[in-house]
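**Q** So the protein lines, in turn, are chains U and S.
Numbered according to my numbering, the first sequence terminates at residue 887, and the numbering increases by one at each position without gaps.
Numbered according to my numbering, the second sequence terminates at residue 887, and the numbering increases by one at each position without gaps.
The beta-carbon is built from N, C-alpha and C at its ideal position, and this holds for glycine as well.
Number of protein chains: 2
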Amino acid sequence: MARLVMKFGGTSLADVGRIAHVARHVKREAQAGHEVVVVVSAMSGATDALVRLTSEASALHDAREYDVVVATGEQVTAGLLAITLQGLGVSARSWLGWQIAIRTDGTHGGARITDIEAGDLIARFADGQVAIVAGFQGVGPDNRVTTLGRGGSDGSAVALAAAIQADRCDIYTDVDGVYTADPRIVPGAGRIARISYEEMLEMASLGARVLQTRSVEMAMVHQVRLQVRSSFEDPEAPASRYDHQPAAGTLVCDEDEIVEKQIVSGIAYSKDEAKVTLVKVADKPGVAARIFGPLARAGINVDMIVQNVSDDGKHTDLTFTVPENDLDKALDVIRSARKEIGYNDLVGSTNVVKISVIGIGMRSHAGVAATMFKALADKAINIQAITTSEIKVSVLIDSDYTELAARVLHTAYGLDSPDG
Amino acid sequence: MARLVMKFGGTSLADVGRIAHVARHVKREAQAGHEVVVVVSAMSGATDALVRLTSEASALHDAREYDVVVATGEQVTAGLLAITLQGLGVSARSWLGWQIAIRTDGTHGGARITDIEAGDLIARFADGQVAIVAGFQGVGPDNRVTTLGRGGSDGSAVALAAAIQADRCDIYTDVDGVYTADPRIVPGAGRIARISYEEMLEMASLGARVLQTRSVEMAMVHQVRLQVRSSFEDPEAPASRYDHQPAAGTLVCDEDEIVEKQIVSGIAYSKDEAKVTLVKVADKPGVAARIFGPLARAGINVDMIVQNVSDDGKHTDLTFTVPENDLDKALDVIRSARKEIGYNDLVGSTNVVKISVIGIGMRSHAGVAATMFKALADKAINIQAITTSEIKVSVLIDSDYTELAARVLHTAYGLDSPDG
Numbered sequence: 468m469a470r471l472v473m474k475f476g477g478t479s480l481a482d483v484g485r486i487a488h489v490a491r492h493v494k495r496e497a498q499a500g501h502e503v504v505v506v507v508s509a510m511s512g513a514t515d516a517l518v519r520l521t522s523e524a525s526a527l528h529d530a531r532e533y534d535v536v537v538a539t540g541e542q543v544t545a546g547l548l549a550i551t552l553q554g555l556g557v558s559a560r561s562w563l564g565w566q567i568a569i570r571t572d573g574t575h576g577g578a579r580i581t582d583i584e585a586g587d588l589i590a591r592f593a594d595g596q597v598a599i600v601a602g603f604q605g606v607g608p609d610n611r612v613t614t615l616g617r618g619g620s621d622g623s624a625v626a627l628a629a630a631i632q633a634d635r636c637d638i639y640t641d642v643d644g645v646y647t648a649d650p651r652i653v654p655g656a657g658r659i660a661r662i663s664y665e666e667m668l669e670m671a672s673l674g675a676r677v678l679q680t681r682s683v684e685m686a687m688v689h690q691v692r693l694q695v696r697s698s699f700e701d702p703e704a705p706a707s708r709y710d711h712q713p714a715a716g717t718l719v720c721d722e723d724e725i726v727e728k729q730i731v732s733g734i735a736y737s738k739d740e741a742k743v744t745l746v747k748v749a750d751k752p753g754v755a756a757r758i759f760g761p762l763a764r765a766g767i768n769v770d771m772i773v774q775n776v777s778d779d780g781k782h783t784d785l786t787f788t789v790p791e792n793d794l795d796k797a798l799d800v801i802r803s804a805r806k807e808i809g810y811n812d813l814v815g816s817t818n819v820v821k822i823s824v825i826g827i828g829m830r831s832h833a834g835v836a837a838t839m840f841k842a843l844a845d846k847a848i849n850i851q852a853i854t855t856s857e858i859k860v861s862v863l864i865d866s867d868y869t870e871l872a873a874r875v876l877h878t879a880y881g882l883d884s885p886d887g
Numbered sequence: 468m469a470r471l472v473m474k475f476g477g478t479s480l481a482d483v484g485r486i487a488h489v490a491r492h493v494k495r496e497a498q499a500g501h502e503v504v505v506v507v508s509a510m511s512g513a514t515d516a517l518v519r520l521t522s523e524a525s526a527l528h529d530a531r532e533y534d535v536v537v538a539t540g541e542q543v544t545a546g547l548l549a550i551t552l553q554g555l556g557v558s559a560r561s562w563l564g565w566q567i568a569i570r571t572d573g574t575h576g577g578a579r580i581t582d583i584e585a586g587d588l589i590a591r592f593a594d595g596q597v598a599i600v601a602g603f604q605g606v607g608p609d610n611r612v613t614t615l616g617r618g619g620s621d622g623s624a625v626a627l628a629a630a631i632q633a634d635r636c637d638i639y640t641d642v643d644g645v646y647t648a649d650p651r652i653v654p655g656a657g658r659i660a661r662i663s664y665e666e667m668l669e670m671a672s673l674g675a676r677v678l679q680t681r682s683v684e685m686a687m688v689h690q691v692r693l694q695v696r697s698s699f700e701d702p703e704a705p706a707s708r709y710d711h712q713p714a715a716g717t718l719v720c721d722e723d724e725i726v727e728k729q730i731v732s733g734i735a736y737s738k739d740e741a742k743v744t745l746v747k748v749a750d751k752p753g754v755a756a757r758i759f760g761p762l763a764r765a766g767i768n769v770d771m772i773v774q775n776v777s778d779d780g781k782h783t784d785l786t787f788t789v790p791e792n793d794l795d796k797a798l799d800v801i802r803s804a805r806k807e808i809g810y811n812d813l814v815g816s817t818n819v820v821k822i823s824v825i826g827i828g829m830r831s832h833a834g835v836a837a838t839m840f841k842a843l844a845d846k847a848i849n850i851q852a853i854t855t856s857e858i859k860v861s862v863l864i865d866s867d868y869t870e871l872a873a874r875v876l877h878t879a880y881g882l883d884s885p886d887g
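#1: Given VAL472/S, which residues of its chain have a CB within under 6 angstroms of its CB, disregarding the five upstream and five downstream residues?
#2: When burial is assigned at 16 or more other CB atoms within 10 Å of the CB, is GLY586/U buried or exposed?
#3: Might you give, ordered along the chain, the residues of its own chain that have their beta carbon closer than 8 angstroms to the beta carbon of TYR639/S, omitting 5 neighbours on each side?
#4: Since ALA715/S and GLU700/S are thought to touch, with beta carbons under 8 angstroms apart, how far apart are those beta carbons, to the nearest angstrom?
#5: Please list, in chain order, the chain U residues whose beta carbon lies closer than 8 angstroms to that of GLU523/S.
#6: Determine the direct distance from the alpha carbon of ALA530/S to that of ASP572/S, and round the result to whole angstroms.
#7: List the DSSP bridge partners of PRO790/U.
#8: Could you check if ARG651/S is buried or exposed, using at least 16 other CB atoms within 10 Å of its CB as the buried criterion?
#9: Using DSSP with H/G/I as helix, E/B as strand and the rest coil, what is ALA756/U?
#10: Which whole runs of the beta strand (DSSP E) in the region 626-713 of chain U are 3 residues long or more, in chain order?
#11: Answer with buried or exposed for VAL800/U, where buried requires no fewer than 16 other C-beta atoms within 10 angstroms of its C-beta.
#12: Kindly identify the DSSP beta-bridge partner or partners of PHE840/S.
#13: Given this structure, state the Cα-to-Cα distance separating THR544/U from GLN604/S, to the nearest angstrom.
#14: Whether or not the region 783-801 of chain U and the region 739-749 of chain U are in contact is what I'm after, with contact meaning three or more pairs of Cβ atoms, one per stretch, closer than 8 angstroms; do they touch?
#15: With three or more C-beta pairs closer than 8 angstroms as the rule, is the region 855-874 of chain S touching the region 821-828 of chain S?
#16: Assuming GLY576/U and GLY512/U form a contact by the criterion Cβ under 8 angstroms, report the distance between their Cβ atoms to the nearest whole angstrom.
#17: Kindly list, in the order they appear in chain U, the residues whose Cβ is closer than 7 angstroms to that of SER561/S.
#18: With a 10 Å radius around its C-beta and 16 neighbouring C-beta atoms as the bar for buried, classify ILE486/U as buried or exposed.
#19: What does the alpha-carbon distance come out to for the pair ALA516/S and LEU547/U?
#20: Where does MET829/U sit, in a helix, a strand or coil, going by DSSP?
#21: What number of angstroms, rounded off, separates the C-alpha of TYR736/U from the C-alpha of LEU673/U?
#22: Do SER561/S and GLY595/S count as a contact pair if the criterion is CB distance below 8 angstroms?
#23: Please name the residue or residues paired with HIS782/S in a DSSP beta bridge.
#24: Classify ALA469/U as helix, strand or coil using the three-state DSSP reduction.
#25: Taking Cβ-Cβ distances shorter than 7 angstroms, what residues in chain S pair up with ILE486/U?
#26: Let me know the secondary structure DSSP gives THR869/U once reduced to three states.
#27: Assuming ILE599/U contacts VAL537/U under a Cβ cut-off of 8 angstroms, what Cβ separation, rounded to an integer in Å, is found between them?
#28: By the DSSP assignment, the beta strand (DSSP E) with SER884/S in it spans what residues?
#29: With a cut-off of 8 angstroms, does the C-beta of GLY887/U fall near any C-beta of chain S?
#30: Starting from GLY815/U, follow the alpha helix (DSSP H) in both directions and report where the run begins and ends.
#31: SER831/S: buried (16+ other C-beta within 10 angstroms of its C-beta) or exposed?
#32: Can the beta-carbon of ALA416/U be found closer than 8 angstroms to that of ILE734/U?
#33: When the Cα of ALA499/S is compared with those of VAL691/S, ALA704/S, LYS781/S, which residue comes out closest?
#34: Taking the alpha-carbon positions, what's the ILE569/S to THR581/S distance?
#35: With a threshold of 8 angstroms, are at least 3 pairs of Cβ atoms found where one atom belongs to the region 745-757 of chain S and the other to the region 802-817 of chain S?
#36: Compute the beta-carbon to beta-carbon distance between ALA524/S and VAL612/U, rounded to the nearest angstrom, for a pair I have assumed lies under 8 angstroms.
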């Protein structure tokens, strides 16, 4: 017997038929004797429709009223899933944010959970009742409805799992787990059975959009074991055992639970990058502050930085990357500070991609970067910038080579699956 | 300065454009300095769509979960109207049933309001804030969402008006008031400026579907003055004064407020009637009990009863009316008891209409019924049954004569408007 949180997204709850499919997943776990909390998103499309209504009502809308309107999407699916489960003979009831209560701060439209009073909910487990919780919502300090920001149902699930000390939090999505690389561009990519929180965070922040970064962070802090799995699985497959990992999906867990640590677990890429080059900047003390100070004040996040000494020894070319959306703003900031900085030319480009190899095993292994550089050089792919962390090496390359680079790196680190 | 409750139905809130129109009505009253509570229904069609989802989820659904799903309709319009009002520069906030709180009994799907804790809501009046209340919903003894049954937003409005001791409760609908007769069949019908609760109850129960019977009863008990008016009016028309009646609409109030009491205020009709005749029933003591006892036990409401002595003096023909929907059930009940009752033949008919003249003035005037009978006789309309109350005379006639009877009675009681 285990305590489980199961979270289903909007695609899995798109209509009454899909909700019935979800109910069969829940029934399987409940009948196995587990204590089950289900967290639901709104039916896919419902939240967008509600957001559109608030925008139509007034361009500048009160976030508190936005929350009142938008939170109804999850309320509907929570009620419908409870009804469906009861129809299958499973005892279930819905819980709204204010009923549990899921207390949040007062940041309407993007609230953070501060406390969950899970006592009532846990008490019902004794009767075998499944709790269906409306995700994405809570109640603020002033007793008003809050929402956790878009996609916040993952956050609800993780926070609930922590509050009730669940053995596992199963995140059901439309993919069957986390892959060693994007399967659309790397045919040999395979599903990762276990991945550490740190690796998952690097993957998530690089655009492997299976889990939200914030939810993974929360899971790491509270040591909530996350299982990413597909809601399209056969719901009548054997029920999970809390101490085992289900046959399918990816377990995101503490690195201690990962016995065989891969040097490289996966290859991720991010196209949301732009490159800015200042040509012939004076190579003198203080110039970096004059460039990056104004950018920081403008709220622009600078990632990679490369400085090349130029021929004359007095000037340098300086390149850095920013999120693609911030490129125009970054160029404006640099142009405004041209006098103080002093440069010959300013060039912006979005024709770049950041490609990363990620793995907790590389902490104890040298040569990871060398393998990367050699593999790319063999295909004549030019590296424009490099950045590293303890468990990641990232390079900036021409975006035309994204697919090729991902494939050669996947092969170079021995990740190609036998049946790929 | 007055305290007003304004209630808007689903047709008046059908889309964002209609909600903007409603907001202008509210702005008018708020800017006149009134303390305003607005009660909203769901967008027309929204509740039906939600009810359909619950039925699709499971044929036999838990009423508590039904309430969770269905109550979202009013939550959406409450938030949208608050946003729209803020966009017009009017301070406003939404209130859900549990936030106020509107306490109800635990009869999910058809709950009754037991108490309204209106203190917080009233406190906001001092800041000039308009309260937008989600109608049709409350919170039950177990802290779960309840709904008041279909059309229950009128009930929310009246109960709130009583709780905050409002000077008036304005019910905005798609008609501009209560008429002396159905204007579709009586061209001379005119709007009634003032009508007593008792008269309105008789009108409502007879199918003048402007107000629900239950809401009028509640208004009468709590002495809430109701103004029926059209949401299609020009919202920028002059604001109401609490002590005056608006130029348009019908005020439903205590009879003491009606100076010039009409003998007959209006003509109403109900087609929801069926006639049952038992031919040649033995005319002996106890037979009525044998007929109406089983009907009462079957939950069938018998209205008019007529007994005709037959030629032989030993038998009688007995006719009574029941709601049209109950006709088949009533016939079954009588057939089952044929042995105990003893009759020659049993005839059911739905080809009848009950037509009524209603007026508080008839309490002190004789001859009201005589005028009715003469007017109908003049047109050779046969009266099949008669029933009277203190403020009503009703007759059962062949439904073919509905329009003719309504028109001749309207004329006979001097109700035809000069410009009709």
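**A** Based on what the coordinates show:
#1: Mapped onto the second sequence, residue 472/S falls at position 5. The answer, listed in chain order, is VAL504, ALA624, LEU627, ALA628, ALA633, CYS636.
#2: Numbered from its first residue, the first sequence carries residue 586/U at position 119. Counting the other Cβ atoms within 10 Å of the Cβ of GLY586/U gives fewer than 16, which makes it exposed.
#3: The residue you call residue 639/S lines up with position 172 of the second sequence. Hits under 8 angstroms: MET473, LYS474, PHE475, GLY476, SER479, VAL489, HIS492, ARG696, SER697, SER698.
#4: In the second sequence, counting from the first residue as 1, residue 715/S sits at position 248. In the second sequence, counting from the first residue as 1, residue 700/S sits at position 233. The Cβ separation is near 6 angstroms, so the contact holds.
#5: The residue labelled residue 523/S in the question sits at position 56 within the second sequence. Simply VAL483.
#6: Along the second sequence, read from residue 1 onward, the residue named residue 572/S stands at position 105. Along the second sequence, read from residue 1 onward, the residue named residue 530/S stands at position 63. Computed Cα separation, rounded: 13 angstroms.
#7: Taking the first sequence and counting its residues from 1, one reaches residue 790/U at position 323. Its beta-bridge partners are GLU740/U.
#8: Walking along the second sequence from the start, residue 651/S turns up at place 184. Exposed.
#9: If you number the first sequence from 1, residue 756/U lands on position 289. Looking at ALA756/U - three-state DSSP - the assignment turns out to be helix.
#10: Segments of the beta strand (DSSP E) lying fully in the region 626-713 of chain U: 635-640, 661-663, 693-697.
#11: Residue numbering aside, residue 800/U sits at position 333 when the first sequence is read from its first letter. With 16 or more other Cβ atoms from the protein chains shown falling within 10 Å of its own Cβ, VAL800/U counts as buried.
#12: Indexing the second sequence from 1 puts residue 840/S at position 373. DSSP lists no bridge partner for PHE840/S.
#13: Looking up residue 544/U in the first sequence gives position 77. Looking up residue 604/S in the second sequence gives position 137. Taking the straight line from one Cα to the other gives about 18 angstroms.
#14: By the Cβ test, the region 739-749 of chain U is in contact with the region 783-801 of chain U, since at least three Cβ pairs between them sit closer than 8 angstroms.
#15: By the Cβ test, the region 821-828 of chain S is in contact with the region 855-874 of chain S, since at least three Cβ pairs between them sit closer than 8 angstroms.
#16: Residue mapping note: residue 576/U aligns to position 109 of the first sequence, counting from 1. Residue mapping note: residue 512/U aligns to position 45 of the first sequence, counting from 1. Rounded, the Cβ-Cβ distance is 19 angstroms, inconsistent with contact.
#17: As a working note, residue 561/S is residue 94 in the second sequence. Result: GLU532, VAL535.
#18: Taking the first residue of the first sequence as position 1, residue 486/U is located at position 19. Buried.
#19: Walking along the second sequence from the start, residue 516/S turns up at place 49. Walking along the first sequence from the start, residue 547/U turns up at place 80. Taking the straight line joining both Cα atoms gives about 13 angstroms.
#20: What you label residue 829/U is simply residue 362 of the first sequence in a count that begins at 1. If DSSP states are grouped into helix, strand and coil, MET829/U belongs with the helices.
#21: Mapped onto the first sequence, residue 736/U falls at position 269. Mapped onto the first sequence, residue 673/U falls at position 206. C-alpha separation (whole angstroms): 6 angstroms.
#22: What you label residue 595/S is simply residue 128 of the second sequence in a count that begins at 1. What you label residue 561/S is simply residue 94 of the second sequence in a count that begins at 1. Note that the C-beta distance between GLY595/S and SER561/S is not below 8 angstroms.
#23: Counted from its first residue, the second sequence places residue 782/S at position 315. In the DSSP assignment, the residues bridged to HIS782/S are ALA749/S.
#24: Start at 1 with the first residue of the first sequence, and residue 469/U comes out as number 2. Correct three-state label for ALA469/U: coil.
#25: What you label residue 486/U is simply residue 19 of the first sequence in a count that begins at 1. Per Cβ cutoff of 7 angstroms: ALA524.
#26: The sequence position of residue 869/U within the first sequence is 402, counting from 1. The three-state reading of DSSP puts THR869/U in helix, counting H, G and I together.
#27: On the first sequence, position 132 is the one that residue 599/U refers to. On the first sequence, position 70 is the one that residue 537/U refers to. Between VAL537/U and ILE599/U the Cβ distance is about 19 angstroms, and since that is not below 8 angstroms, they are no contact.
#28: Here residue 884/S refers to the residue found at position 417 when the second sequence is read from its first residue. Element bounds for SER884/S: n/a, residue is neither H nor E.
#29: Here residue 887/U corresponds to residue number 420 of the first sequence, with the count starting at 1. Residue placement at GLY887/U is flagged as unreliable, the pLDDT there being 45, under the threshold of 50; the coordinate-derived value follows with that caveat. Chain S, which has no Cβ nearer than 8 angstroms to the Cβ of GLY887/U, makes this no.
#30: In the first sequence, the residue the question calls residue 815/U occupies position 348. DSSP places GLY815/U outside any alpha helix (DSSP H); the residue lies instead in the beta strand (DSSP E), whose first and last residues are 812-816.
#31: Working through the second sequence from its first residue, we reach residue 831/S at position 364. SER831/S should be labelled exposed.
#32: This structure does not reach residue 416/U, given that chain U is present from 468 up to 887, and the question cannot be answered.
#33: Position 32 of the second sequence, counted from the start, is the residue given in the question as residue 499/S. Of the listed residues, the one whose Cα sits closest to ALA499/S is ALA704/S.
#34: Here residue 569/S refers to the residue found at position 102 when the second sequence is read from its first residue. Here residue 581/S refers to the residue found at position 114 when the second sequence is read from its first residue. The alpha-carbon atoms of ILE569/S and THR581/S are separated by roughly 8 angstroms.
#35: Counting C-beta pairs closer than 8 angstroms gives three or more between the region 745-757 of chain S and the region 802-817 of chain S, which meets the contact rule.
#36: For the purposes of this step, residue 524/S is identified with residue 57 of the second sequence, where counting begins at 1. For the purposes of this step, residue 612/U is identified with residue 145 of the first sequence, where counting begins at 1. No, ALA524/S and VAL612/U are not in contact; Cβ-Cβ is about 24 angstroms, not under 8 angstroms.
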